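Accompanying notes for the structure given below.
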Amino acid sequence: MAEFMTVLYVLLTLLLLLVLAAMLIWYERRLLALWQDRYGPNRVGPFGLLQVAADMIKIFFKEDWIPPFAEKAVFVLAPAVVVITMLLAFANVPFAESLWVSDLNVGVLFFLAMSALAAYSTILAGWSSNNKYALLGGMRAAAQMISYDVFMGLSLMGVVLLSGSFNLREIVEAQQQGWHITSQFVAFGIFMVAAVAESHRLPFDLPEAEHEIIAGFHTEYSGMKFGLFFVGEYLSVLLISAMSVVLFFGGWLGPILPPFIWFCLKTLLVVSFIILLRAAIPRPRFDQLMAFGWKLMLPLALINLLLTGAVLLWWEA
Amino acid sequence: MVTIDVDGRRYQVEAGQNLLQACLSLGLNLPYFCWHPALGSVGACRQCAVTQYMDADDNRGRLAMACMTPVSDGLRISLQNDAEKAFRSGIIETLMSRHPHDCPVCEEGGDCHLQDMTVMSGHHRRRYRGAKRTFHNQQLGPLVRHEMNRCITCFRCVRFYRDYAGGHDLHAMGSRDRTYFGRVEDGNLESPFAGNLVEVCPTGVFTDKPHGESYSRKWDLQSAPAICVHCSLGCNISPGARYGRLKRVQNRYHPDINGYFLCDRGRYGFRFTDPDRRLLQALQRTEEGEETLSTGNALSRLWHRIKQADQHLIGIGSPRASLEANFALRQIVGAKNFYAGVSAVEDEMVRLVLQLMYSGVRSASLREVEQADAILILGEDLIHTAPRMALSVRQAVRNNQRRQAEALHIPLWQDQAVRNLSSIALSPCFITSSYRTGLDEVASGLWRNSPQSQTLVADLIANKINEIPSLSKTHSEGMQTWAIMVADALKQARKPLIIAGCSTQYPALLAAAGRIMTALKSHNPAARSAFVLPECNSLGLALLTDNDHENRLEDAFDAAAQGKNHLILLENDLYQRAAPQQVDQFIGQLGELTLLDYQRQRTFSKADLVLPVTPFSESGGTLINNEGRAQYYFAAQPPAPGTMMSWHWLWESRHEARPVDENALHLLQQCAASDPPLARLTELLKQLDLSTADGRLGYMQLPRKSQRYSGRTAIDAADDVREPALAQDAQSLLSFDMEGVPPTQVRDLQLSRLLPMSWYPGWNSGQSVHKFMQEYSDGRPGSGVLMLQPAADHESDLTTLQPDTEVQQTSDQSLTLVPRHYLFGSDPLSMDSPPVASLAPSSCLMLHPEDAQRRGLNPHDLVRLESSRFHLELPIKTDNTLAPGVAAIPWNLPDQPWLPLPQQVELVVVQRSNLIARDGEEPADG
Amino acid sequence: MLSQLRSLWKVFQHSFTPPDTVQYPEQKPYLAPRYRGRIVLTRDPDGEERCVACNLCAAVCPVDCIALQQGLDENGRWQAEFFRINFSRCIMCGLCEEACPTYAIQLTPDVEMCEYDRQNMVYEKEHLLIAGSGKYPDYNFYRVAGKDVGVKTKGSGDNEQPPEDYRSLLP
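Chains as they are written, first to last, in our numbering: chain A, 3 to 319; chain B, 120 to 1045; chain C, 38 to 208.
Encoded structure:
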């Protein structure tokens, strides 16, 4: 029975996530429109909510074209990788006190591993397309993700130190006295930057910078394979929002309202902030991106870790 | 070479030219109006002002007209200083002050030298507020439209029409700002070169009338480097097409042939290519009636026929079809079953010409004709048989003046000064003919008599030059003195030239011409000959049939009688080649007659399988002109739906395994390989080979469309809004596209001769040809290849040519009937072109008034011509320009049967005219 | 860094500004009379076609969607034998209107010209021609041009002298 419940729960989570990712598309478009003094999609269904459904129908009926010059197997596989890794990463996100798929005691590491794996998706897509722009996009993605992965992990170590655990549920529970954002503000900033870069969203969408390299790694993709990249991107937005809520904003913790609602509200706020980043901040040059990562973010993360460790030692002493 | 300094830069230029020409040939932009490279300078328009400095220290200088300033070593000028720029823009502002607001409805717009120069001089706003001057226009005939308001009084029209082309009926009239260029009263312009006014006039006073009736701007035309098909000279033309039909033909500069000018037959004769005048559908005729065929069906029937006929197949070629088409037919039917599609006498004469050309008297290009200083024209009325050559002869007779001018150190481009030497006699030019020719007025001696008499005098001239034994012992005294005069002039000349041809239909005269050439050649190696052939590819066909087989048209008739009864007839009208009875009999013996043609000519109604082919405007191919120059012409537009090039039909029908990339050039290659006389076609192939040109062209082709070609997405939208794919011309140097080698690179690539249409940034009009002026050795694309190299083994003694001067027994009453050629009329192709047909004569018999009087005949009487070989009824027209004893008949009119001429005929009155002719006056021609 | 934050804030402030969007089919925007919409061919004050088939519109068209052929009427007046605009290609740039020397081509504020069949976007002269003279009610090109095509005789147009007698030699 418990196993049946687990399977049901997994399926529900899966469904919810995919629907949410899809709704996020609508949400982002409406929000961007709001900040750009437009309406955004408002024609299909109430408030344009069915726009996503219309887009889905369209994208499903598009010709599923594989370029004759592409490396076929890899080309087909690449978009699936990003979706799978993102969904797997969600497995250990605690939505509420007792609402999770699996309670891993290496939760933070699992999250880092999964988001690092997602890099393969873009690299393989770029390479297998056999197109110079796609390859450029793939190379950019590889460099960017490897660089930013390093201090994303480092920035989270402060949180781990404070909570004394890699388990995400325990990290949330450790925030009963106060959210980590208060003590780990710098770490939060670094994490946000790195996480946005990992999901290669604006302003860090250099792997697909359409002004420079057409559409980067997914230049040759169309139809549902392109749709998978799209869904993967929004899943990763959801994931990093949920993770930042878990790690820095006390997860489901909050008064009056049920824990799950708290979690959702917090996540929605972070998601909105990520969309605001897209609406307001322009894309840097690639060399600026690299310099920013290695020369500013990495030292900052190390200093943060050092200070956190020192304070903790001093505190305990 | 001298060095000049222009705006601080030093250039090397050819000495002896004027500064304007030097600047233009350097690629510098200097506006001008009255100057023309062929007409020289008169310094009238004051537009080409430059500042000329005394020396390196002079910083003020003085204004000078570039066209009147000879280049000299160390000359220092500026083109771009304020002084001369202000002067030039002032001049153009004055010229433009009364120019009408006509550009949108002017046929010159976009092709207008005045527009270009106005933009170049920087004048853009009219300050003049006064009223504009106006003029009434004149009706100048069906070819040229007159719109006098637009005139800027540059005088180029009269300088070309009168001074260069020798016309009499265009004048500069009036005074001051009323100067008017026109005829005394309305009427057709008489000069056969009137159409050049369209290109000579820098603005829209004289425009192309037929084009103006369904006009397209220059930038909208799809053009190609083509060759004129209306006579044997092979003038280079640039036909422009739009909406599937040719719109106009303009001159395309070729230094050795037509230079800057064309004749009106070439310019206006192209309308036979109009889709509504042409065969566009394959047809099969059976007892049940006519049946139209699809291309595929037609091909399979043709293939079926060729296969079935097997040993009974014969093919008749055509002197107006390309070398490729004739060769393809010859390959299909076999060399011994391939017959020349020309009349027996023409065949004999062209072969004679071939023999003469091989024998070592170099055949002259038109440029060389212009350099001749003594000319003898035997029996040719050049104005009507090879008009562009007549224009060259007109220039040649001024060589005496030029020589004098050189002695006086007058530069030759000083046009007015050279022409002021009019007291100097013209260079000698002698003409023998049966009637007045267009060049008689510049001739220093005429021999106007029957062809037999002309032959005798020619023979005597040969005798006087080099003691070649004369054929006849008895010559009249007049003939003796005339022959001595001509012989002396030819002997004294540095560059004598003999012009002969086929238009007399009298081989003996040609043979006599050959005797003169032989005599002269040993006397002066610089002597040249020029031959006038009947059609554009007469020589090409002759070279293809120049073998051991019996392949005259008569032999084809015999073959049919012996049972070879499956004929493939190529672009030819048999009724134009032999007597109607003979042709009827021949066709009666045939089982099957397959015709490949585009014209609805007389044989068309007898053919049982008709395959529509493309005329010159839609095909590529090679023609060999009168000089022996093989020139390739390109299609201006892709074949009309349902039609194919002749060789394409024939080749496709073979259904054998053939290389995929088979194209016209492969055909030419095979042709060069199979016929030793045509071996030099490989040189032509080198010029045309895209693969060798690829690297230079940057893997591009020359575009046939201009860069501003409009309406691509709307032209075919009425039929289908989806745009069709562009027609491909994969193996060719040219594409049916707008993209490719830009005109600015054409000169560097030495492809000027292949430019489909003359255009250069800032120079929209035909005057842009300066930008492409370059002298380069032969062998560059578009210059053509001389096929006939006089060969040692061909060095036959032409004195053995025995002119057959056997004078037929004539009664007192009989007349010698000769063919009279007409520029508008004697070419069946151009007679399908309405502007040309409207100027053609009607069928009649021309008689000298004395001959008419002696027989008691009046104009318009209907008479029957009786000879041993034909009878024909015709109305009479008296003409005192004929030699007495000679009657003439317009040659080769479309409705007239072929006649064996010259011929002794007698006249029988059939019907008296009820029109009473007054003395010396003829009733207007009905 | 500060400027980035500032722009974040500035953009966020737009949450509270109303949208500029006009809800098109329900709410019609104001289109000025000189708006560049559907192209028409106008007539001169005498009711004749203004178009003289000069081809300038076709030449200037950046998408080459105008094709026409000139023809002559019995007075020698230039007219379009056919005049075709492929509106499925037209980008309403208005260059043809600017190029037109006779004010024949004018762009109207009508922009609602959708079709289900692309073929219906091909307009011929009879579809384009309107009865009036549009924005320039008094202009008649042939009164200003030098050519005589039956609108005025030689020399009687605006700003013209009577025809000269070239037979006169008077100074």
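Beta carbons are placed, not taken as given, at the ideal position from N, Cα and C, and that holds for glycine. If you're wondering where the values come from, they're calculated on a predicted model, not measured in any experiment.
Which residues in chain B have a C-beta closer than 9 Å to the C-beta of residue i? List them in chain order.
| i | result |
| --- | --- |
| R155 of chain C | V840 and R841 |
| P56 of chain C | Here the premise fails: no neighbours, minimum Cβ distance about 37 Å. |
| K65 of chain C | Neighbours of K65 of chain C on chain B: none; closest Cβ ~29 Å, over 9 Å. |
Give the range of the beta strand (DSSP E) segment to which residue i is assigned.
| i | result |
| --- | --- |
| R716 of chain B | The displayed chain sequence assigns Asp, not Arg, to residue 716 of chain B. Run containing D716 of chain B: E711 to D716, per the beta strand (DSSP E) assignment. |
| C270 of chain B | From DSSP, C270 of chain B is part of no beta strand (DSSP E); its letter is neither H nor E. |
So which residues of chain A does residue i contact, with C-beta pairs closer than 7 Å?
| i | result |
| --- | --- |
| Q41 of chain C | I283 |
What are the boundary residues of the alpha helix (DSSP H) that includes residue i?
| i | result |
| --- | --- |
| D466 of chain B | A463 to Y477 |
| M239 of chain B | H232 to S240 |
| Y179 of chain C | F178 to V181 |
| F71 of chain A | Taken as a continuous stretch (DSSP letters only), F71 of chain A belongs to no alpha helix (DSSP H), as it is neither H nor E. |
For the ligand NAP, is there a heavy atom less than 7 Å away from the beta-carbon of residue i?
| i | result |
| --- | --- |
| G710 of chain B | No copy of the ligand NAP occurs in the structure displayed, which carries no ligand at all. |
Do you know how far the Cα of residue j is from the Cα of residue i?
| i | j | result |
| --- | --- | --- |
| D289 of chain A | G295 of chain A | 10 Å |
| I529 of chain B | V537 of chain B | 7 Å |
| A134 of chain B | A141 of chain B | 9 Å |
| K337 of chain B | S884 of chain B | 9 Å |
| L207 of chain C | S294 of chain B | 7 Å |
| P131 of chain C | R73 of chain C | According to the sequence as given, residue 131 of chain C is Gly; it is not Pro. Their backbone Cα atoms lie some 6 Å apart in a straight line. |
| L138 of chain B | Y372 of chain B | 22 Å |
| R129 of chain B | I123 of chain B | 6 Å |
| V1005 of chain B | G557 of chain B | 18 Å |
| F891 of chain B | V865 of chain B | 8 Å |
| L34 of chain A | L241 of chain A | 20 Å |
| D835 of chain B | W67 of chain A | 32 Å |
Which term fits residue i, buried or exposed, when burial requires 16 or more other beta carbons within 10 angstroms of its beta carbon?
| i | result |
| --- | --- |
| I148 of chain A | exposed |
| V779 of chain B | Its pLDDT being 45, under 50, V779 of chain B is placed unreliably in this model, and the value from its coordinates should be taken loosely. By the 10 Å Cβ count, V779 of chain B comes out exposed. |
| Q514 of chain B | buried |
| K268 of chain A | buried |
| K65 of chain C | exposed |
| R252 of chain B | buried |
| W181 of chain A | buried |
| K640 of chain B | buried |
Whose Cβ in chain C lies nearer than 7 Å to the Cβ of residue i?
| i | result |
| --- | --- |
| N883 of chain B | Those within 7 Å of N883 of chain B in chain C number zero; the least Cβ separation is about 11 Å. |
| H255 of chain B | K191 and P200 |
Strictly below 8 Å CB to CB, what residues from chain B border residue i?
| i | result |
| --- | --- |
| D147 of chain C | Those do not exist, as D147 of chain C stays about 20 Å from chain B at its closest Cβ, beyond 8 Å. |
| L109 of chain C | G331 and E332 |
| I103 of chain C | S829, G830 and A833 |
Along chain A, which residues have their Cβ under 8 Å away from the Cβ of residue i?
| i | result |
| --- | --- |
| L45 of chain C | L278, L279, A282 and I283 |
| F49 of chain C | W37, L278 and A282 |
| S125 of chain C | What S125 of chain C touches in chain A: nothing, since even the nearest Cβ is about 22 Å away. |
| S170 of chain C | Per Cβ cutoff of 8 Å: no residues; S170 of chain C is ~40 Å from chain A at best. |
Starting from residue i, find everything on chain C with Cβ-Cβ shorter than 9 Å and list it in chain order.
| i | result |
| --- | --- |
| Y41 of chain A | P56, T58 and Q60 |
Which residues in chain C have a C-beta closer than 8 Å to the C-beta of residue i? List them in chain order.
| i | result |
| --- | --- |
| K251 of chain B | G183, N196, E197 and Q198 |
Check your understanding: Do three or more CB pairs link the region 309-320 of chain B to the region 706-724 of chain B at distances below 8 Å?
Key -> The region 309-320 of chain B vs the region 706-724 of chain B: no contact.
Check your understanding: Taking contact to mean at least 3 C-beta pairs separated by less than 8 Å, is the region 339-349 of chain B in contact with the region 423-436 of chain B?
Key -> Put simply, the region 339-349 of chain B does not touch the region 423-436 of chain B. Fewer than three CB pairs are less than 8 Å apart.
Practice item. Give a yes or no on contact between the region 115-127 of chain C and the region 829-844 of chain B, applying the rule of three or more CB pairs nearer than 8 Å. Key: Two segments are said to touch when three or more pairs of C-beta atoms, one from each, lie closer than 8 Å; by this definition the region 115-127 of chain C touches the region 829-844 of chain B.
Practice item. Answer yes if the region 459-472 of chain B comes into contact with the region 758-769 of chain B, meaning at least three C-beta pairs across the two stretches below 8 Å, and no otherwise. Key: No: the two stretches stay apart, fewer than three of their Cβ pairs being nearer than 8 Å.
Exercise for review: Examine the Cβ distances between the region 594-601 of chain B and the region 576-586 of chain B and report whether three or more of them are shorter than 8 Å.
Suggested key: Yes, the region 594-601 of chain B touches the region 576-586 of chain B.
Review point. Is the number of C-beta pairs between the region 869-884 of chain B and the region 147-156 of chain C that are closer than 8 Å three or more?
Key: No contact exists between the region 869-884 of chain B and the region 147-156 of chain C.
Check your understanding: Is the region 414-427 of chain B touching the region 385-395 of chain B in the sense that three or more CB pairs, one from each, lie closer than 8 Å?
Key -> No, they do not touch.
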